[in-house]
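I have placed the structure first, in the form of structure tokens, so that the comments after it can refer back to it.
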Amino acid sequence: MKEYNRMKETLIKFMLITFGALVYAMGIAIFLDPNNLAPGGTTGIAIIINSITGLKTGTLVFLINIPILIFGWWKFGIKFILSTMYVTVASSFFMNLMNEYIILKYGVITHDLLLSGAAGGSLMAMGMAVVFRQGATTGGTDIIIRALRQRYKHVRSGTIFIITDAIIVSASAVILRNVEIALYAAITIVISNYVLDLVLYGGDSAKLLYIISNKQEQIAKRILDEIDIGITYLKAEGAYSKSDKKVIMCVCRKYNYTKIREIVREEDIDAFFIVSGANEVFGDGYKSYLTEEI
Numbered sequence: 326m327k328e329y330n331r332m333k334e335t336l337i338k339f340m341l342i343t344f345g346a347l348v349y350a351m352g353i354a355i356f357l358d359p360n361n362l363a364p365g366g367t368t369g370i371a372i373i374i375n376s377i378t379g380l381k382t383g384t385l386v387f388l389i390n391i392p393i394l395i396f397g398w399w400k401f402g403i404k405f406i407l408s409t410m411y412v413t414v415a416s417s418f419f420m421n422l423m424n425e426y427i428i429l430k431y432g433v434i435t436h437d438l439l440l441s442g443a444a445g446g447s448l449m450a451m452g453m454a455v456v457f458r459q460g461a462t463t464g465g466t467d468i469i470i471r472a473l474r475q476r477y478k479h480v481r482s483g484t485i486f487i488i489t490d491a492i493i494v495s496a497s498a499v500i501l502r503n504v505e506i507a508l509y510a511a512i513t514i515v516i517s518n519y520v521l522d523l524v525l526y527g528g529d530s531a532k533l534l535y536i537i538s539n540k541q542e543q544i545a546k547r548i549l550d551e552i553d554i555g556i557t558y559l560k561a562e563g564a565y566s567k568s569d570k571k572v573i574m575c576v577c578r579k580y581n582y583t584k585i586r587e588i589v590r591e592e593d594i595d596a597f598f599i600v601s602g603a604n605e606v607f608g609d610g611y612k613s614y615l616t617e618e619i
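Here the sequence shown is numbered in the working numbering, starting from 326 and rising by one per residue.
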């Protein structure tokens, strides 16, 4: 029975991931790619190369991600990278499919850059939200930035994302010789990030987590190893049992929450997992008391 339930959960997970990859690919293939809007990441690089060579964007996304996925496999292990590999293959396939049977057959839906950026960025974000909720990623720069954060702990993920996206958008302006398209690509990134936050977290800027479990050591170790965030143990006593307990307390950025939830579920299905929104977090790695924002 347990094996059946596990297989059922896995099947549902990959069905949802497939749906997320489809929605993600729809935003790119139908709205962004036909208008040369390069929204950062490996997708942005693929769209730029497509505009020069004519090679299909889906194929380019897949090819660009191959060395990154191999690196992720080596760095983080097959368990972490497996679902991301599936997302990459599925989204690349859907991009080519929609390009072949929608764009080439019926033409571009709209050439309005603002409308294309808003629709494409929103669909991308909604697809990513579904994928993230299943503990997977869309690959690409996410894997590279995760590795950089492990090596250079003082560098913030958000800063690296902004820098890489800015480089890719700037490159699109130079290579495509069109500053206007690059500016609309930047607007697309802003819209996509806003919608992603809204769908996933409803606007909370961070999550405050309390985890009460008899397997707190295993949970804490995995969070430290896989998420690389700080953890504090709080000493507690059960009112009924009178037994001493160590409660895990940690603050995580929004995009790490689903992964931590998955870790807790895998390690101890009976754990108490208390989640609250933290609108402001000050301290090392978060907001500076003077200038920095989370």
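Where is the CB? At the ideal position from N, CA and C, for every residue including glycine.
So, at 8 Å on beta carbons, what are the nonlocal neighbours of residue i in its own chain, with the 5 sequence-adjacent residues on each side left out?
i: N518; result: A450
i: N424; result: A354, D358, K381, T382 and G383
Can you check which of these residues, the options, is closest to residue i by C-alpha distance?
i: V412; options: G460, V433 and G369; result: G460
i: D358; options: L521, N330, E334 and D437; result: D437
i: Q541; options: A454, I588, V386 and Y565; result: I588
i: A510; options: I500, G442 and F344; result: G442
i: I337; options: V455, T378, T583 and F405; result: V455
i: T360; options: I434, Y565, A472 and G345; result: First, the residue type needs correcting, since residue 360 is Asn and not Thr in the sequence shown. When each option's Cα is compared against that of N360, the closest is I434.
i: M351; options: F418, D593 and F405; result: F418
i: S497; options: I470, G402, Q543 and I377; result: I377
i: M410; options: F387, Y426, N421 and I355; result: F387
i: I389; options: I428, M453 and I468; result: I468
i: V520; options: I485, I370 and L448; result: L448
i: I372; options: V515, A507, F396 and I516; result: A507
i: V606; options: K579, F597 and I594; result: K579
i: S538; options: V504, I556, E551 and F598; result: F598
i: Y426; options: I355, G369 and I487; result: I355
i: I353; options: P364, T343 and F344; result: P364
i: G383; options: I395, G369 and L394; result: G369
i: L439; options: A564, T583 and V515; result: V515
i: G594; options: R458, G464, I470 and Q543; result: One detail in the question is off: residue 594 reads as Ile in this sequence, not Gly. The residue with the shortest Cα to Cα distance from I594 is Q543.
i: R471; options: R590, I342, L394 and G563; result: L394
Tell me the DSSP secondary structure of residue i in three-state form.
i: T557; result: strand
i: G432; result: coil
i: I460; result: Inspection of the sequence shows that residue 460 is occupied by Gly rather than by Ile. Reduced to three states, the DSSP call for G460 is coil.
i: E618; result: Low per-residue confidence applies at E618: pLDDT is 39, beneath 50, and the placement is therefore not dependable enough to give any value.
i: A363; result: coil
i: N503; result: coil
i: I337; result: helix
i: D358; result: helix
i: D437; result: coil
i: I552; result: coil
Opposite residue i in the DSSP bridges: which residues?
i: S568; result: DSSP output for S568 lists no bridge partner at all.
i: R578; result: A531
i: E542; result: E542 pairs with nothing; no bridge assigned.
i: I573; result: I536 and Y558
i: G602; result: K532
In the DSSP assignment, find the unbroken alpha helix (DSSP H) run with residue i in it and report its ends.
i: A596; result: Unbroken run through A596: none, as it is neither H nor E.
i: I536; result: Segment A531 to I537 is the beta strand (DSSP E) holding I536; no alpha helix (DSSP H) there.
i: K400; result: T382 to F401
i: N375; result: G366 to T378
i: D467; result: T466 to R476
i: G563; result: Taken as a continuous stretch (DSSP letters only), G563 belongs to no alpha helix (DSSP H), as it is neither H nor E.
Excluding the 5 residues preceding and the 5 following residue i in the sequence, name in chain order all residues of the same chain whose CB lies nearer than 6 Å to its CB.
i: T466; result: G366 and T489
i: A561; result: K570 and V572
i: R547; result: I588
i: D522; result: none
i: T616; result: In this prediction, T616 scores a pLDDT of 40, lower than 50, which makes its location untrustworthy; the coordinate-derived value is nonetheless stated afterwards. There are no such residues.
i: M574; result: Y535, T557 and L559
i: W398; result: I406
So, at 7 Å on beta carbons, what are the nonlocal neighbours of residue i in its own chain, with the 5 sequence-adjacent residues on each side left out?
i: M420; result: A350, I353, A354, T382, G383 and V386
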